[in-house]
Amino acid sequence: VAGLRADFYRFDVDSNIAANSGLANAHQLSPKLTAIFGPWHRTEFYLNYGHGFHSNDARGTTLNIDPSSGTAAE
30 VAGLRADFYR FDVDSNIAAN SGLANAHQLS PKLTAIFGPW HRTEFYLNYG
80 HGFHSNDARG TTLNIDPSSG TAAE
């Protein structure tokens, strides 16, 4: 069994530092795969594979100025 998951995020950040406000979006396709193998009567083996991702904090996607130092963010 094979599958594909699609995730889409849209961020609209409103910061008190104008340079750190704005829109950003992210998307990711994640494949999934399952195999079931039954070599003997009443015996089955399951193999699963999946790939996922962690979405970042929305504020980090538009960060241009480090609020603590006032310098450009890396």
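Here the sequence shown is numbered in the working numbering, starting from 30 and rising by one per residue. Glycine included, every Cβ here is placed at the ideal spot set by N, Cα and C.
When you compare only the Cα positions, how much space is there between residue i and residue j?
{"i": "F37", "j": "L52", "result": "14 Å"}
{"i": "A55", "j": "S84", "result": "8 Å"}
{"i": "W69", "j": "H80", "result": "30 Å"}
{"i": "F66", "j": "G32", "result": "18 Å"}
{"i": "N93", "j": "N49", "result": "5 Å"}
Along the chain, where does the beta strand (DSSP E) containing residue i start, and where does it finish?
{"i": "L58", "result": "G51 to W69"}
{"i": "V30", "result": "Taken as a continuous stretch (DSSP letters only), V30 belongs to no beta strand (DSSP E), as it is neither H nor E."}
Around the C-beta of residue i, are 16 or more other C-beta atoms found within 10 angstroms, so that it is buried, or is it exposed?
{"i": "L58", "result": "exposed"}
{"i": "L62", "result": "exposed"}
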